[in-house]
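Trainee:
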Amino acid sequence: MGLDPASLRLDQQLLQFMDQLEILEEKRQKLNTLIEDGWFNISKARYSMGNKQVSALQYASEMEPLVHVYASRSENGEAEFKCERKGDKAEEPKGSKTAETIGPTDGGLRRRVNIKKNENIDEKVTSEDECEKEPQLNTKNEKSQCQHQDPLKWFGILVPQNLKQAQAAFKEVITLAADISTLQSAIVKTRLEMQTQMKDKQKMASELKE
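Next comes the structure, spelled out in structure tokens:
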């Protein structure tokens, strides 16, 4: 006689559970190795650059996270964690923007040659106001650029290779930590399903004996 469908389903979930545990162990070992390598490379960078050159003293005054972790629920009810990294957007050439903005305004000024003096005075006042606002916009752009700046530049322009390797290791750690959290949620769900099926199977066995 073959096994009943409940037993086959339970065996499949058991095999899936064991596979998930094996993958989780591999990911955890990789996570620990990356963290150790990252801190070891930071210690090497401190040895080459100096202890005070690689510390919290070099952090920017205003910082913004470059990686965001989003949590969501799948259709099966499992928690999923995804990392969204802010890539360095290519800066658009400033010349194209100025050409687009200045072109129409110049044409408009040429058409408005024969205008009353009061309107000319109003245009001068508005132009002066715009000139006063430009530095404020520039300062805001500079602040946003500083916030999205690569953290390696806090420690200098030519940083050692060990510091770059440490950054790469910690970047991979963030993504790997999200994968581990998602896998742990799947393992918990599989274990609960196995427990409920075991209870149902025991209940059916007791009913048959009676």
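Position 75 of the sequence shown, counted from 1, bears residue number 75 in UniProt numbering, the numbering being contiguous throughout.
For glycine and all other residues, C-beta sits at the position ideal for the given N, C-alpha and C.
Every value quoted in this text rests on a predicted model; they were computed, and no experiment measured them.
Can A186 and E78 be called in contact, C-beta distance under 7 Å?
Mentor: Yes; because the gap between Cβ atoms is below 7 Å, this pair is in contact.
Trainee: Exposed or buried, L163, counting other C-beta atoms within 10 Å across all chains shown (16 or more means buried)?
Mentor: Result: buried.
Trainee: Are the C-beta atoms of P151 and some chain C residue less than 7 Å apart?
Mentor: Here chain C cannot be found, since the structure has a single protein chain.
Trainee: Please list the terminal residues of the continuous beta strand (DSSP E) segment that includes F81.
Mentor: Element bounds for F81: A79 to R85.
Trainee: Just to confirm, are L31 and L176 a CB contact at a threshold of 7 Å?
Mentor: In this structure, L176 lies closer than 7 Å to L31 by Cβ.
Trainee: With DSSP run on the structure shown, which of helix, strand or coil describes A60?
Mentor: Coil.
Trainee: Provide the residue span of the alpha helix (DSSP H) that contains S43, from first to last.
Mentor: Residues P5 to M49.
Trainee: Report the rounded CA-to-CA distance for A6 versus Q197, giving the unit in angstroms.
Mentor: Roughly 8 Å between the two C-alpha positions.
Trainee: Considering V67, what are the terminal residues of the beta strand (DSSP E) in which it resides?
Mentor: Unbroken beta strand (DSSP E) run through V67: V67 to R73.
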